[in-house]
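One structure is given below, encoded as structure tokens.
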């Protein structure tokens, strides 16, 4: 194989008498006699030969790639890069073994675990592109390292996740929310009250603080029932235009408000909303803090299937908020135990005991994986989940909290949060607007790689970012365990039907 025509520091053309494939890796010399690694980006077949265009990746320096600053040697020899060199390039100690190079089955690809988690990542694909399989492979590899994961799972795909290598490390969790631990705003979101419905939200806040003042230990379903009773009593007072007495936490005393017809309508409607919520959501109302259920060193799968979108968002917000705040509190308390102030030291020891007893999940770095991330972090909408997940995306690295976003609708993801994911595993993406959207959010995804997205097969991914040695097309391993993200065999189920 020999270089033909003009060369540059970034591209060259060569011809080969032997068959060569798109995506193949080759080595050439530059004019400074340095070994330069390049990847074949285009192949044209002519009679008896192949004309290939190659993009320069960089100068080989052991298992590192350095910038190439010199033109490729004209008329120089082109050699296939050996499996040994590529294997050394793509190996990462303590990395995640996720697949092999598309063009080289013998070259395993590892992702840098620290960089994948601490600098966040995204898995993006069309439906059926291999997204769920990729997540299952990542969970298996992370589970083998005793990683602490929380997976927000809107469709219950990973509740049945199983593999021999992570046996006993997957903990399915059905979310039991304690409404008494929510803020009035979070409770309003959980009930599905519109953000601009101020009358209902203000009366819900009045009732919330009044119940908390009069019943400080109330919790769970009892809290909802007390809320229902309070709203009923107030609606009766409003019906006849009497005053409503409620507790004002800002003044630390009771206030009174004369109710009118508009107040009556708001209270009756709110009473109906709470009653319907209790009927529909009672199986998910508990007496404990859901954060206490998460286990350190486990893959904690929060099965959100069966919930309404607003309920999923409230639960995701609650988890993200408390993961971040309690992790920050834990790290701060570890420092404060060495404070010269006895008061600060006492508070720090108290916080550490509380976290060790109830919130062990935050005692080690952890990863929050969000399936169907466009539900929680939509492009043109601000909600409580996007607020706290956005905070983790921006600040999580400092505190050892990683974020993984999984989506089949990338252009519906908020661009600011998507751009914070420094590693992207991009499976087949057909829609040109999606390709452009992803490209804008990633410095490492060049136009040439973006064009490859539509031609990828199932389980094939363009992987770019800080967790991989160099941007590459990878065949992700087929997960050989069990999970719920596989397509239903429709014909098989039809043909097995017993007809009487």
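Numbering (the working numbering), first residue to last: 106 to 605.
Cβ atoms here follow ideal geometry from the backbone N, Cα and C, with glycine treated the same way.
Keep in mind that this is a model prediction, so the values were computed, not measured.
Note that the region 565-574 touches the region 518-536; at least 3 beta-carbon pairs, one per stretch, sit closer than 8 Å.
Going by DSSP, residue 162 is part of the beta strand (DSSP E) stretching over 154-166. The DSSP-derived three-state label of residue 267 is strand. Where residue 386 is concerned, the enclosing alpha helix (DSSP H) starts and stops at 366-386.
In the three-state scheme derived from DSSP, where H, G and I count as helix and E and B as strand, residue 429 is classed as helix. Here residue 153 is exposed. Its C-beta has fewer than 16 other C-beta atoms within 10 Å. Between the alpha carbons of residue 276 and residue 406 lies a gap of roughly 6 Å. In the DSSP annotation of this structure, the continuous segment of the alpha helix (DSSP H) that includes residue 495 starts and ends at 489-504. Its chain contains 409, 410, 417, 476, 477 and 480 as the residues whose beta carbon lies nearer than 7 Å to that of residue 259, once the 5 sequence neighbours on both sides are disregarded; these appear in chain order. Rounded to the nearest whole angstrom, the C-alpha separation of residue 582 and residue 239 is 8 Å. Minimum Cα-Cα distance from residue 172 among the listed residues 140, 196, 188 and 598 corresponds to 140. Bridge partners of residue 239 according to DSSP: none are assigned. In terms of CA proximity to residue 213, 196 leads the group 257, 196 and 227. Taken through DSSP and simplified to helix, strand or coil, residue 528 comes out as strand. In this structure, the alpha-carbon of residue 265 lies about 17 Å from that of residue 399. Its Cα nearest to that of residue 327, the residue 286 stands out among 286, 362, 342 and 358.
DSSP lists 214 and 581 as the beta-bridge partner residues of residue 204.
The beta carbon of residue 236 is closer than 7 Å to those of 228, 230, 511, 513 and 532 in its chain, skipping five residues each way along the sequence.
The three-state reading of DSSP puts residue 391 in coil, since its state is none of H, G, I, E or B.
Distances from the alpha-carbon of residue 349 to those of 360, 600 and 356 put 360 closest.
In this structure, the alpha-carbon of residue 502 lies about 8 Å from that of residue 222. It is roughly 23 Å from the alpha-carbon of residue 579 to the alpha-carbon of residue 133. Residue pairing of residue 182 in beta bridges, as defined by DSSP: 107. With respect to residue 423, residue 291 sits close: the two C-beta atoms are nearer than 9 Å.
In the DSSP assignment, residue 569 falls outside any alpha helix (DSSP H) and within the unbroken beta strand (DSSP E) covering 565-570. Cβ atoms of residue 155 and residue 198 stay farther apart than 8 Å, at about 37 Å.
For residue 343, the enclosing alpha helix (DSSP H) has its first and last residue at 325-344.
Linking residue 383 to residue 494 through their CA atoms gives a straight-line distance of about 28 Å.
Taking residue 457 as reference, the option from 183, 446 and 434 with the minimal CA-CA separation is 434.
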